[in-house]
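Single-structure report; data block below.
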Amino acid sequence: MFQMREKQRGFTLIELMIVVVIVAVLLAVALPSYQNYVLRTNRTAAQADMLAAAQAMEKLYTVNFSYEAAVAGTTFPNEGPIDATVKRYDYSFPNDPNATSYLMRATPKGPQTGDGIMEINHLGQRWWDKNNDGDVTDTDENNWDRR
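Residue numbering for the sequence shown follows numbering that gives the first Met the number 0, beginning at 0 and increasing consecutively.
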């Protein structure tokens, strides 16, 4: 009589290869986007730290009529983002704050290294070395625009 064969179940090799290719394409698109998101998030956190430090500097100036008492690492943290467990920036004053001015710098480190330094001064002027060439005075680097 007729032999009834049980139908085989499962995926063919072709179907599995198609799934692998789809997953690889999705990862190729999503991974760089995610990495860029992490860099921007760390940069934004460092900017928030620097703005908070600038406010504290102004408070210090209001009390002492001088910025001289501020020192990174004592008055302010010397690494950040402050809330992060892994620190991505070193905070410093390239020149010691004097009675009337200061310049604060955030230098990226670790995976953040290629993101360029950020600076803020006593006038609230901000610089970000977007192209990471060591010169924050380039055209369009006088802000913290998150591009």
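Here a beta-carbon is modelled for each residue, glycine too, at the ideal position from N, C-alpha and C.
Does the separation of the CB atoms of residue i and residue j fall below 8 Å?
i      : j      : result
Tyr66  : Gly79  : no
Asp132 : Ile81  : no
Gln124 : Asn141 : yes
Met117 : Gln46  : yes
Ala51  : Leu59  : no
Thr101 : His121 : Residue 101 is actually Tyr in this sequence, not Thr. It is a contact, given that the beta carbons lie within the stated cut-off.
Trp126 : Val135 : yes
I'd like to confirm the pairing. Which residues does DSSP put opposite residue i in its beta bridges?
i      : result
Met103 : Ile119
Arg125 : Ile119
Looking at the unbroken beta strand (DSSP E) that takes in residue i, where does it start and where does it end?
i     : result
Tyr66 : Looking at the DSSP string, Tyr66 is not in any beta strand (DSSP E), and its letter there is neither H nor E.
Arg87 : Where Arg87 is concerned, there is no enclosing beta strand (DSSP E), given that its DSSP letter is neither H nor E.
So is the beta-carbon of residue i under 7 Å away from any non-hydrogen atom of the ligand GDP?
i      : result
Gln111 : Looking at this structure, you won't find the ligand GDP or any other ligand, since it has none at all.
Scan the region 14-45 and note each continuous beta strand (DSSP E) run of 3 residues or more that stays entirely inside, going in chain order.
-> none
Is the number of C-beta pairs between the region 110-118 and the region 35-53 that are closer than 8 Å three or more?
-> yes
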